[in-house]
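Enquirer:
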Amino acid sequence: MSKLRYALYTGCTARESTPELLSSTMAVADKLGIELILLDEASCCGASHLQDFDEMLAYTLNARNICYAEKMGLKLVTICNTCQLNTAMTKHQLDKDPELKEKVNAKLAEVGLEYKGTSEVQHFLYALIQDYGLDKVREKVVTPLSDFNIAPFYGCHNIRPSELHEHSTGGENPYNPTSLDSLIEALEGNTVDYESKNKCCGFHVDLQAPQTSNALTGTALLDAIDNNADMIVTPCPLCQLNMDLKQHSAGKQLGRDIELPVLHMPQMVALALGCDEKSIGLKYNVTKATQFSK
Amino acid sequence: MIHTEEEVIKEVLHLNEEEHRPDFAHTRKVKVKVFRFNVETDYLPYYKTYEMKVSKDELILDLLNRIKWEHDGSFSYRRSCRHGICGACAIKVNGKAVLACKENAQDLVKIFGNELVFEPQSQKRAVKDMIIDKSDFWEKHAAVKPYVEATVDPRPTKETLMTPTKAEQFLESDYCIQCGACHYSCPALEVNEDYLGPAALVSAYRFTIDPRDEASEERLELTSQMGIGVWDCVKCNECVEACPKEINPIEKITKLHNMQFEQGIAKRNVATKHAEGFVRSIKKYGYLDEQDIVMYSEGLGVVKHMSEAIKMIKAGKIHPFDVMKKKMPRSKNLDEIQKLIKITQTNKL
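Rendered as structure tokens:
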């Protein structure tokens with residue numbers, strides 16, 4: 001197999017409040033011999049809020065991001081579910097609606113760009129599974145995670161709407177997703193089966209409806225705790241932030257103590273592959289994963 | 001589905017006899033676990049399990065019928081049209097919202113394995129078995145004025161015509177059958193009973209976009225209210241997944257958001273500033289300034305985030321003394337982004 005190369009769309013969070021996501025992603029890619037080229041020209045995807053304010057602007061900025069992956073002739077790989085949704089949604093709308101594509105391209109032409117629709121858009125989780133292969137990941141494991149019960153938290157925007165993600169996820173069913181479970185198993189961890197694994201963390205209403213957000217985050221965390229999880233693992237930094245940071249306020253609202261480490265998917269893989277401590281970046285997690293401290 | 005004449009005759013003759021059921025090549029044994037509850041006699045719900053042979057053409061509605069007709073006559077559920085148009089038979093199977101008369105049973109076995117769990121759309125609203133009290137759904141529905149409000153000439157001399165372009169703008173929102181699948185799959189509604197929810201918001205969109213309607217402003221005002229309107233959608237896309245008519249409710253919610261800005265109905269509050277604030281950051285850096293967006297959206301309300309901010313500072317996630325924003329990432333070719341915003345942005349707050 002020739003070396004896998006991707007254009008990495010980091011999104012904002014990985015470059016700001018969750019630097020551990022970017023460093024662990026790069027470390028994992030390095031260990032597996034995957035080349036990730038940073039898409040430094042890219043802008044914010046609008047995080048599913050910009051489109052509420054100005055939909056056309058959101059399409060245009062997302063199309064511009066994809067243009068740069070197209071220029072390199074590479075697949076655009078995301079490490080945030082919401083980046084994945086917004087980028088894939090833009091691609092989907094532009095590819096099916098020539099009129100919209102033309103409108104967006106008229107704007108892009110002003111800055112010398114053209115959206116063609118030639119680059120695929122995929123979350124790193126699914127690139128690992130589909131392009132690299134879990135069997136090969138399994139071979140690279142140096143620290144099996146067999147001592148831990150790991151609760152997969154899929155995050156909405158990678159699995160819903162399923163029609164949009166079908167191709168990039170290889171047909172993941174949002175009512176019974178399995179990809180993250182299989183990854184945990186490939187790293188020899190014990191997967192925790194719990195109802196909340198495909199539910200919403202509430203991140204997107206955290207400012208305007210904190211009670212909704214806390215109730216959803218807290219319920220998912222407690223569900224994992226009640227099913228003997230030692231930690232949660234998620235491919236989405238927004239889920240990670242909400243679940244990691246809001247444990248106290250969610251616990252207060254729901255009347256129970258909540259303490260459970262929440263790891264980024266690449267942090268978990270990096271731990272199993274024996275990447276260095278600095279790139280795994282566990283010090284950036286608010287709820288400390290003490291299991292891994294030496 | 002085309003059957004041979006023989007198959008049809010067999011099916012008609014042996015409709016209710018399990019052993020003689022037409023054995024299409026792929027009959028499977030399925031365990032059906034069914035939620036049972038009678039609000040008048042039971043303290044708690046319980047489950048009953050039935051082993052059934054399920055042929056490849058049977059729908060969930062067929063299984064509901066067989067449970068009632070062959071096993072327990074007291075089993076209750078709603079059904080009417082059997083054509084996916086009345087919305088009565090909506091239930092959940094293994095947590096997935098389905099219209100029983102539209103959903104093939106073996107398709108669900110493929111997703112969930114040989115144990116199917118039948119539950120009402122909302123367990124806390126269960127009245128008897130699959131039947132729920134849907135009054136909350138209808139109250140929300142009624143609240144958005146789900147009808148065209150117009151001054152109509154009682155003796156019109158010509159038809160009110162609708163152009164194809166206008167009709168397309170409905171985005172099929174008029175296909176809604178009020179089954180409640182999206183409403184009872186919405187996690188925001190589950191924890192915030194005041195929220196109108198996806199079905200009512202689809203309805204609000206459907207009549208707001210109607211060129212004959214005169215209550216658009218009123219509906220946009222209502223759906224822009226914090227606590228009940230579009231800003232309480234958590235963006236989980238559960239409604240998109242649940243809708244048996246493929247209406248894509250969240251798309252209509254986004255359109256309502258847009259219309260509130262376009263028509264100047266959106267008031268300055270934490271939610272609208274949060275949406276608009278993205279442009280402010282992207283203009284400056286290309287990226288979202290995560291600290292600024294919280295401060296800008298909340299205004300003085302930012303103090304309630306203090307304890308979390310301190311946790312983030314301790315973990316090295318944010319840098320409060322970085323006033324020059326040296327740690328803030330900046331997109332390459334930022335001038336392109338700025339230009340695109342300038343020539344594309346149409347909405348204002």
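So the protein sequences, as listed, match chains A and E.
Counting along the first sequence from 1, when you hit position 46 you're at 46 in the working numbering, and nothing is skipped either side.
Counting along the second sequence from 1, when you hit position 298 you're at 298 in the working numbering, and nothing is skipped either side.
For each residue, glycine too, the CB sits at the ideal point set by N, CA and C.
Quick caveat: nothing in here was measured; it's all calculated off a predicted structure.
(1) Is it a yes or a no for the segment 266-286 of chain A touching the segment 11-31 of chain A, going by three-plus beta-carbon pairs under 8 angstroms?
(2) Quick check on DSSP: helix, strand or coil for Lys103(A)?
(3) Going by beta carbon distance, what residues of the same chain come within less than 7 angstroms of Ala204(E), once the five residues before and after it are set aside?
(4) With a 10 Å radius around its C-beta and 16 neighbouring C-beta atoms as the bar for buried, classify Leu21(A) as buried or exposed.
(5) Can you list, in chain order, the residues of its chain with a C-beta nearer than 6 angstroms to that of Lys317(E)? Leave out the 5 residues immediately preceding and following it.
(6) Does the beta-carbon distance from Ser48(A) to Ile282(E) come in below 8 angstroms?
(7) If we ignore side chains and look at the alpha-carbon of each, how far apart do Gly133(A) and Glu139(A) end up?
(8) Below 9 angstroms on C-beta distance, what does Leu196(E) contact in chain A?
(9) Taking C-beta pairs closer than 9 angstroms, name the residues in chain E that His167(A) reaches, listed in chain order.
(10) Nearest to Asp226(A) by CA position, among Ile150(A), Lys31(A), Tyr154(A), is which residue?
(11) From which residue to which residue does the alpha helix (DSSP H) around Pro152(A) run?
(12) Does Asn149(A) have its Cβ less than 8 angstroms from a Cβ in chain E?
(13) Closer than 9 angstroms between beta carbons: that is the criterion. Which residues of the segment 154-178 of chain A meet it against chain E?
(14) Answer yes or no: do Ser173(E) and Arg212(E) have a C-beta to C-beta separation smaller than 8 angstroms?
(15) What does Arg256(A) touch in chain E if you count any residue whose Cβ is under 9 angstroms from its own?
(16) Which residue spans inside the segment 217-261 of chain E form an unbroken beta strand (DSSP E) run of at least 3?
(17) Go to Pro51(E), then tell me how far its beta strand (DSSP E) extends in each direction, as first and last residue.
(18) Could you spell out the range, first to last residue, of the beta strand (DSSP E) harbouring Arg36(E)?
(19) Apart from the five residues just before and just after Pro105(A), which ones in its own chain have a Cβ nearer than 7 angstroms to its Cβ?
(20) So, is Gln123(E) buried or exposed, given that buried needs 16 or more other C-beta atoms within 10 angstroms?
(21) Would you check if the distance between the CB atom of Asn347(E) and the CB atom of Asp54(A) is smaller than 8 angstroms?
(22) For Pro187(E), go through chain A and note every residue whose CB falls closer than 7 angstroms to its CB, in chain order.
(23) Can you give the Cα-Cα distance for Tyr47(E) and Arg280(E), rounded to whole angstroms?
(24) Please report the Cβ distance between Gln247(A) and His274(E), rounded to the nearest whole angstrom; I am assuming they are in contact, meaning their Cβ atoms lie under 8 angstroms.
(25) Can you find a heavy atom of the ligand SAM that lies under 7 angstroms from the Cβ of Ser281(E)?
(26) Just the C-alpha distance for Ile228(E) and Val39(E), rounded to the nearest angstrom, thanks.
(27) By alpha-carbon positions, which one of Val202(E), Ile67(E), Cys86(E) ends up nearest to His141(E)?
(28) Note down, in chain order, each residue of its chain lying with its Cβ closer than 7 angstroms to the Cβ of Tyr296(E), except the 5 sequence neighbours on either side.
(29) Run down chain E in chain order and give the residues with a C-beta less than 7 angstroms from the C-beta of Val111(A).
(30) Just checking my contact of Phe148(A) with Met231(A) at CB under 8 angstroms: how many whole Å lie between their CB atoms?
(31) Pick helix, strand or coil for Ile85(E), following the three-state DSSP scheme.
(32) With a CB to CB cut of under 6 angstroms and the five nearest residues on each side skipped, what residues in its chain are close to Arg66(E)?
(33) Can you name the start and end residues of the beta strand (DSSP E) that Ala181(E) belongs to?
(34) For the segment 159-183 of chain E, which residues have a beta carbon sitting closer than 8 angstroms to at least one beta carbon of chain A?
(35) Determine, for Tyr313(A), whether the minimum Cβ-Cβ distance to residues of chain E falls below 8 angstroms.
(36) Return the bridge partner residues of Ile131(E) from the DSSP annotation.
Expert: So, from the listed chains and residues:
(1) Here the segment 266-286 of chain A makes contact with the segment 11-31 of chain A; the two share three or more CB pairs at distances below 8 angstroms.
(2) What you label residue 103(A) is simply residue 103 of the first sequence in a count that begins at 1. In the three-state reduction of the DSSP assignment, Lys103(A) falls in the helix class, which pools H, G and I.
(3) Sequence index remark: in the second sequence, residue 204(E) carries index 204 (1-based). Around Ala204(E): Val144, Arg219, Thr223, Leu256.
(4) Taking the first sequence and counting its residues from 1, the one referred to as residue 21(A) is at position 21. With 16 or more other Cβ atoms from the protein chains shown falling within 10 Å of its own Cβ, Leu21(A) counts as buried.
(5) Residue numbering aside, residue 317(E) sits at position 317 when the second sequence is read from its first letter. Counting only residues of its own chain and dropping the five nearest sequence neighbours on each side, Lys317(E) has no CB closer than 6 angstroms to any other CB.
(6) The sequence position of residue 48(A) within the first sequence is 48, counting from 1. The sequence position of residue 282(E) within the second sequence is 282, counting from 1. Contact: no.
(7) In the first sequence, the residue the question calls residue 133(A) occupies position 133. In the first sequence, the residue the question calls residue 139(A) occupies position 139. So the alpha carbons of these two residues sit roughly 10 angstroms apart.
(8) Start at 1 with the first residue of the second sequence, and residue 196(E) comes out as number 196. The contacting residues do not exist; Leu196(E) stays about 13 angstroms from chain A at best.
(9) For this step, residue 167(A) is matched to residue 167 along the first sequence. By Cβ distance, chain E contributes nothing, its closest Cβ being about 16 angstroms from His167(A), past 9 angstroms.
(10) Position 226 of the first sequence holds residue 226(A). Considering only alpha carbons, the answer is Ile150(A).
(11) Looking up residue 152(A) in the first sequence gives position 152. Element bounds for Pro152(A): not the alpha helix (DSSP H) but the beta strand (DSSP E), 149-152.
(12) Your numbering for residue 149(A) matches position 149 in the first sequence. Chain E contact via Cβ: absent.
(13) Cys156, His157, Ile159, Arg160, Pro161, Ser162, Glu163, Leu164, Asn173, Pro174, Tyr175, Asn176
(14) Sequence index remark: in the second sequence, residue 173(E) carries index 173 (1-based). Sequence index remark: in the second sequence, residue 212(E) carries index 212 (1-based). Taking 8 angstroms as the Cβ cut-off, Ser173(E) and Arg212(E) do not qualify as a contacting pair.
(15) Position 256 of the first sequence, counted from the first residue, corresponds to residue 256(A). In chain order: nothing, as chain E lies at least about 16 angstroms away.
(16) Taking only runs of at least 3 residues, no beta strand (DSSP E) segment lies wholly in the segment 217-261 of chain E.
(17) Taking the first residue of the second sequence as 1, we reach residue 51(E) at position 51. Position check: residue 51(E) holds Glu in this sequence, whereas Pro was assumed. 46-54 is the span of the beta strand (DSSP E), which, as asked, contains Glu51(E).
(18) Translated into positions along the second sequence, residue 36(E) becomes position 36. Residues 28-36.
(19) For the purposes of this step, residue 105(A) is taken as residue 105 along the first sequence, with counting starting at 1. For the record, residue 105(A) in the displayed sequence is Asn; it is not Pro. Within the same chain, Cβ atoms closer than 7 angstroms to the Cβ of Asn105(A) are found at Glu114, Tyr115, the five residues on either side in sequence being excluded.
(20) Indexing the second sequence from 1 puts residue 123(E) at position 123. Label assigned to Gln123(E): exposed.
(21) If you number the second sequence from 1, residue 347(E) lands on position 347. If you number the first sequence from 1, residue 54(A) lands on position 54. In contact: Asn347(E) and Asp54(A) (Cβ atoms closer than 8 angstroms).
(22) One-based indexing of the second sequence puts residue 187(E) at position 187. Those within 7 angstroms of Pro187(E) in chain A are Lys199, Cys200, Leu216.
(23) Here residue 47(E) refers to the residue found at position 47 of the second sequence. Here residue 280(E) refers to the residue found at position 280 of the second sequence. The straight-line gap from Cα to Cα measures roughly 54 angstroms.
(24) For the purposes of this step, residue 247(A) is taken as residue 247 along the first sequence, with counting starting at 1. For the purposes of this step, residue 274(E) is taken as residue 274 along the second sequence, with counting starting at 1. Incorrect: roughly 23 angstroms between the Cβ atoms, too far for contact.
(25) With respect to small molecules bound, the structure shown includes none, and the ligand SAM cannot be examined in it.
(26) Residue 228(E) sits at position 228 when you count from the first residue of the second sequence. Residue 39(E) sits at position 39 when you count from the first residue of the second sequence. Looking at the two C-alpha atoms, the distance is approximately 29 angstroms.
(27) Numbered from 1 along the second sequence, position 141 holds the residue referred to as residue 141(E). That would be Val202(E), whose Cα lies nearest to the Cα of His141(E).
(28) On the second sequence, residue 296(E) is found 296 positions in, with the first residue counted as 1. Lys273, Gly277, Arg280, listed in sequence order.
(29) Reading the first sequence from its first residue, position 111 is the one you call residue 111(A). Chain E residues near Val111(A): Glu336, Lys339, Leu340.
(30) The residue you call residue 148(A) lines up with position 148 of the first sequence. The residue you call residue 231(A) lines up with position 231 of the first sequence. About 7 angstroms separates the two Cβ atoms, so the contact holds.
(31) For the purposes of this step, residue 85(E) is taken as residue 85 along the second sequence, with counting starting at 1. DSSP places Ile85(E) outside both helix and strand once states are collapsed to three, so it counts as coil.
(32) As a position in the second sequence, residue 66(E) is number 66, starting the count at 1. Cβ within range, chain order: n/a, list empty.
(33) Along the second sequence, read from residue 1 onward, the residue named residue 181(E) stands at position 181. Counting along the chain, Ala181(E) falls outside any beta strand (DSSP E), and DSSP gives it neither H nor E.
(34) none
(35) This structure does not reach residue 313(A), given that chain A is present from 1 up to 294, and the question cannot be answered.
(36) The residue you call residue 131(E) lines up with position 131 of the second sequence. Answer by DSSP bridge pairing, in chain order: Lys128(E).
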